[in-house]
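Input: a single structure, listed below in structure tokens.
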Amino acid sequence: TQSTRPQRLLSAVQKNATRGDPRSVVKAIDHFCRHKEWAMNVGDEKGCILDSVVTEVNPHTVLELGTYCGYSTVRIASLLPPHAKLITLEFNPDYAAVARQVIAWAGLEEKVQLVEGASSDWIPKLKEQFGIQTFDLVFLDHWKDRYLPDTKLIEEFGLLRKGSVLLADNVICPGTPDYLEYVRSSPQYKSQYFKSHLEYTKVEDGLEKSVFLG
Ligand SMILES: CNc1ncnc2c1ncn2[C@@H]1O[C@H](/C=C/CNC(=O)c2cc(-c3ccc(F)cc3)cc(O)c2O)[C@@H](O)[C@H]1O
Ligand SMILES: [Mg+2]
352 TQSTRPQRLL
362 SAVQKNATRG
372 DPRSVVKAID
382 HFCRHKEWAM
392 NVGDEKGCIL
402 DSVVTEVNPH
412 TVLELGTYCG
422 YSTVRIASLL
432 PPHAKLITLE
442 FNPDYAAVAR
452 QVIAWAGLEE
462 KVQLVEGASS
472 DWIPKLKEQF
482 GIQTFDLVFL
492 DHWKDRYLPD
502 TKLIEEFGLL
512 RKGSVLLADN
522 VICPGTPDYL
532 EYVRSSPQYK
542 SQYFKSHLEY
552 TKVEDGLEKS
562 VFLG
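Taking my numbering, the leading residue of the sequence shown gets 352, the next gets one more, and so forth.
Structure (structure tokens):
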């Protein structure tokens with residue numbers, strides 16, 4: 352049977368990256384997506400902005416919405432302090448299966464909890480299921496029309512504290528207009544746009560960083 356693009360991406364990681372070396376996994380995926388097949392990873396240019404925000408926040412608890420192949424999962428987890436935890440939600444079983452193997456190749460299983468299921472089902476259960484109080488950082492990169500409803504759900508279930516950071520991919524392309532309007536106009540957030548480009552292209556895109564003010 353035909354392989355899928357995520358399976359071909361995984362093969363490129365297993366062929367070109369060194370086990371236990373997260374940076375080589377990131378490089379192998381970026382090379383594959385730039386020279387072989389484009390895929391919707393946050394990519395190397397926006398990935399550097401992601402890295403700088405993760406480093407600045409130095410989070411002990413991270414929530415990622417939309418694992419896909421695990422590219423940003425690996426980027427984030429490779430920068431976390433010891434004992435920090437990253438919970439990543441992915442409801443497509445085929446993508447989740449690929450992501451688990453990418454995360455394992457990077458040697459980051461200890462820091463990552465990949466939960467197979469829908470954000471709307473799981474956000475209400477994260478406290479009880481994983482003993483989480485609040486998230487220091489939330490990375491939004493799933494269906495673009497779900498950023499706003501899931502942000503409201505995250506607020507509703509008390510998963511943010513004063514200073515928690517939301518970082519959203521694709522606020523220009525494909526775009527998340529309702530989310531952007533919300534975080535930029537709400538008195539509960541201090542928002543900042545980081546201009547960049549759509550992964551592996553010259554098209555404008557960017558990340559929006561929003562600090563929850565409590
Ligand atoms: C709604 N609740 C959910 N709960 C759990 N997982 C969810 C999910 N929604 C989506 N997912 C998963 O997240 C991933 C979805 C990501 C959606 N991302 C995009 O559409 C996207 C799309 C582009 C894109 C940009 C330009 C273009 F021409 C074509 C595509 C670029 C990006 O960086 C993107 O992130 C999948 O793995 C999906 O199964
Ligand atoms: Mg994206």
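Don't be surprised by glycine CBs; every beta carbon is placed ideally from N, CA and C.
Pair within 8 Å by beta-carbon distance, residue i and residue j
{"i": "L517", "j": "L491", "result": "yes"}
{"i": "V572", "j": "V393", "result": "As displayed, the chain neither begins before 352 nor continues past 565, which places residue 572 out of reach and without an answer."}
{"i": "D501", "j": "S471", "result": "yes"}
{"i": "K436", "j": "Q464", "result": "yes"}
{"i": "L459", "j": "S423", "result": "no"}
{"i": "T412", "j": "F486", "result": "yes"}
{"i": "R426", "j": "G468", "result": "no"}
{"i": "L414", "j": "V489", "result": "yes"}
{"i": "A450", "j": "E441", "result": "yes"}
{"i": "R512", "j": "G565", "result": "yes"}
{"i": "I438", "j": "V466", "result": "yes"}
Residue i Cβ short of 7 Å to ligand 1 heavy atom set
{"i": "A390", "result": "no"}
{"i": "S547", "result": "no"}
{"i": "D492", "result": "yes"}
{"i": "L440", "result": "yes"}
Proximity test, residue i beta-carbon vs ligand 2 heavy atom, cut-off 7 Å
{"i": "N443", "result": "no"}
{"i": "D520", "result": "yes"}
{"i": "V562", "result": "no"}
{"i": "V393", "result": "yes"}
Given residue i as reference, the closest of the options once Cα atoms are compared
{"i": "V404", "options": "Q543, D556, T552", "result": "Q543"}
{"i": "E388", "options": "R359, K553, L564", "result": "R359"}
{"i": "H548", "options": "I380, E396, R356, P357", "result": "E396"}
{"i": "A447", "options": "P432, K462, C420", "result": "C420"}
In chain order, each beta strand (DSSP E) run of at least 3 residues that lies wholly inside the stretch 438-507: The DSSP assignment places complete beta strand (DSSP E) segments of no fewer than 3 residues inside the stretch 438-507 at 463-467, 488-491, in order along the chain.
Any alpha helix (DSSP H) of 4 or more consecutive residues that is wholly inside the stretch 513-549: Entirely contained in the stretch 513-549, the alpha helix (DSSP H) runs reaching 4 residues are, in chain order, 528-536.
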